[in-house]
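Just so you know, we're using our numbering here: the sequence shown kicks off at 1 and counts up by one.
Note that CB positions come from ideal geometry on N, CA and C, so glycine has one too.
Just so we're clear, the structure is a prediction, and the values are computed from it rather than from any experiment.
All remarks here apply to the structure that follows.
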Amino acid sequence: MILLFNSCAQLKTKEALDLVKKVSKQIPESFYSNPHLLTSLLDALMKCGDVAHAESLFYSSKEKVLPMYGAMMKGYVDNNLPDKAIDLFNKIENPNDVHMILLFNSCAQLKTKEALDLVKKVSKQIPKSFYSNPHLLTSLLDS
1 MILLFNSCAQ
11 LKTKEALDLV
21 KKVSKQIPES
31 FYSNPHLLTS
41 LLDALMKCGD
51 VAHAESLFYS
61 SKEKVLPMYG
71 AMMKGYVDNN
81 LPDKAIDLFN
91 KIENPNDVHM
101 ILLFNSCAQL
111 KTKEALDLVK
121 KVSKQIPKSF
131 YSNPHLLTSL
141 LDS
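Below is the structure:
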């Protein structure tokens, strides 16, 4: 199922979204506790543009893992909803370098003084180990 959701996410078409919705309705409720499956489903929904359905699943999930936050943040950035990505970032206890990159991308989309202030604040708190990630450094410079 994960491969199907990932394939549909790559297609980003209405037909792919329809297939994702059809299959996800047939999944037993217990499968939604699998964080890998749920992350893949969230990613597919977001990439196909169904932000509302992805949000509903994400917020109803009892156990959220870091990749789920990343899928949602990336989806918000891709769907031009940077404020939502920033709000979600602020709910992550221990963000990793991927979350930081997505935050910086969100701030770059906003192009506001508040976003720049947030970048400055967060960049002072970045663990030194993250500075070896060229993607993080590029997104920081872009923001």
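Inter-residue CB distance, residue i and residue j (contact presumed, cutoff 8 Å)
| i | j | result |
| --- | --- | --- |
| F89 | P82 | Wrong, their Cβ atoms sit about 10 Å apart, outside the cutoff. |
| L41 | L57 | 7 Å |
| L102 | K74 | 6 Å |
| I92 | Y76 | Not quite, the Cβ-Cβ distance comes to about 13 Å (not below 8 Å), so this is no contact. |
Assigned secondary structure, residue i (DSSP; H/G/I helix, E/B strand, else coil)
| i | result |
| --- | --- |
| M72 | helix |
| M1 | coil |
| V65 | coil |
| C48 | coil |
| N6 | helix |
| T112 | coil |
Residue from the options with nearest C-alpha to residue i
| i | options | result |
| --- | --- | --- |
| L66 | N133, M100 and Q109 | M100 |
| T138 | V98, M73 and D117 | V98 |
| N80 | M68, I27, I92 and L110 | L110 |
| S5 | T112, P28 and H36 | Contrary to the premise, residue 5 reads as Phe rather than Ser in this sequence. Residue H36 is the option with its Cα nearest to F5. |
| V122 | H135, P134, N133 and I86 | I86 |
| Q26 | E15, M1 and C48 | M1 |
Exposure of residue i, with buried meaning 16 or more beta-carbon neighbours within 10 Å
| i | result |
| --- | --- |
| F104 | buried |
| A115 | buried |
| A44 | buried |
| Y131 | exposed |
| S60 | exposed |
| L118 | buried |
| A54 | buried |
| S106 | buried |
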